[in-house]
Amino acid sequence: RSTVMNLFISFFALLIGPRKELNSIKYQLESIKWSLKASNYYCYEDSESLDKIVKRFISFETPKRKAKTERFYQKFLELRKNPINDLKFMIFSPLRILRIHINAITFRKLTKRKVSQKSLLPKDQITDRHHFPLTY
52 RSTVMNLFIS
62 FFALLIGPRK
72 ELNSIKYQLE
82 SIKWSLKASN
92 YYCYEDSESL
102 DKIVKRFISF
112 ETPKRKAKTE
122 RFYQKFLELR
132 KNPINDLKFM
142 IFSPLRILRI
152 HINAITFRKL
162 TKRKVSQKSL
172 LPKDQITDRH
182 HFPLTY
């Protein structure tokens, strides 16, 4: 639900982008912020600062994509301080929102798989020395 809602907001902001008085960049920034916060909670079940969440989501990226992702999030944090319409940023925002949610889902699946694999392993058995191994 969060993905769909944030994508709608992001596309809506693109539609109203030419009308500068509507300040469409703020809608883009909010949709990215809420995607990050919702996905962070989905992954870690905590509520951290936006800076820490951004660092977490940068770490999810492959080394090849990491530099591009860092630039996007730097621009995101900069625009939150001084919101000005940036068409390039606004065009890439819906793609980044999708990426945020895909990374969160992938992370959650991987961590669930690791937890379930651990629970399938037999626990160390305590042997009762009086009965096992049998000695005569």
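Start counting the sequence shown at 52; every next residue gets the next number (the working numbering).
From the three backbone atoms N, C-alpha and C, an ideal C-beta is built for every residue, glycine too.
Owing to the predicted nature of the structure, the values given are computational and were not obtained by experimental measurement.
Burial is judged here by how many other beta carbons sit within 10 angstroms of a residue's own beta carbon; S90 has at least 16 and is buried. Going by C-alpha positions, S61 is about 7 angstroms away from Y78.
In this structure, I135 places its C-beta atom within 8 angstroms of the C-beta atom of I76. Residue environment for P114: exposed (fewer than 16 other C-beta atoms within 10 angstroms of its C-beta). Distance from the CA atom of E121 to the CA atom of M56, rounded to whole angstroms, is 24 angstroms.
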